[in-house]
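Below is one structure, written out as structure tokens; comments come after it.
In the numbering used here, the protein residues as written are 281 to 415.
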């Protein structure tokens, strides 16, 4: 349940993560392990790219936050005041951009899925008696 007792929206990433145990159950053979490893590698490349993009955007937001904190709240000149208000509004809009938020959600989903795949591979390696096989 979300705030005020309303049902919480569950988008595809949340629904998929609930099913990850069914989609990627315990590994039973070396062939399955290799398949999981291939999926992991594919997803990891996407995760790294999203991580870089989001980290760069976050750094820009932090820099802008610092600069905006140094700006005066009010100007004597109405034109400057209007311009400053427009810049602040644009900043808030960019921060809440649906495409940016989707990328964050995708990155977070991939992180959880990669952790699950890695755990399944490591569990197989451990059970197969290879305990310390390099992932």
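Quick reminder that beta carbons are idealized off the backbone N, C-alpha and C, glycines included.
Shortest alpha-carbon distance to residue i belongs to which of the options?
| i | options | result |
| --- | --- | --- |
| residue 337 | 359, 322, 377 | 377 |
| residue 342 | 375, 389, 399 | 375 |
| residue 371 | 355, 346, 387 | 346 |
| residue 382 | 406, 362, 331 | 331 |
| residue 399 | 348, 351, 316 | 316 |
| residue 367 | 353, 379, 380 | 353 |
| residue 385 | 326, 318, 406, 314 | 326 |
| residue 318 | 409, 404, 397, 408 | 397 |
| residue 349 | 314, 364, 358 | 364 |
Taking the C-alpha atoms as reference points, what is the distance between residue i and residue j?
| i | j | result |
| --- | --- | --- |
| residue 334 | residue 395 | 19 angstroms |
| residue 356 | residue 321 | 57 angstroms |
| residue 304 | residue 339 | 35 angstroms |
| residue 297 | residue 369 | Because the pLDDT at residue 297 is just 47, under 50, the model does not fix this residue reliably, and the point stays unresolved. |
| residue 392 | residue 307 | 18 angstroms |
| residue 401 | residue 328 | 20 angstroms |
| residue 359 | residue 379 | 32 angstroms |
| residue 404 | residue 389 | 23 angstroms |
Count the other CB atoms, across all protein chains shown, that sit within 10 Å of the CB of residue i; report buried if there are 16 or more and exposed otherwise.
| i | result |
| --- | --- |
| residue 417 | Limits of the chain in this structure are 281 at one end and 415 at the other, which puts residue 417 out of reach. |
| residue 351 | exposed |
Practice problem: Any chance you could list the alpha helix (DSSP H) runs of at least 4 consecutive residues sitting entirely within the region 337-383, in chain order? | Solution: Listed in chain order, they are 358-375.
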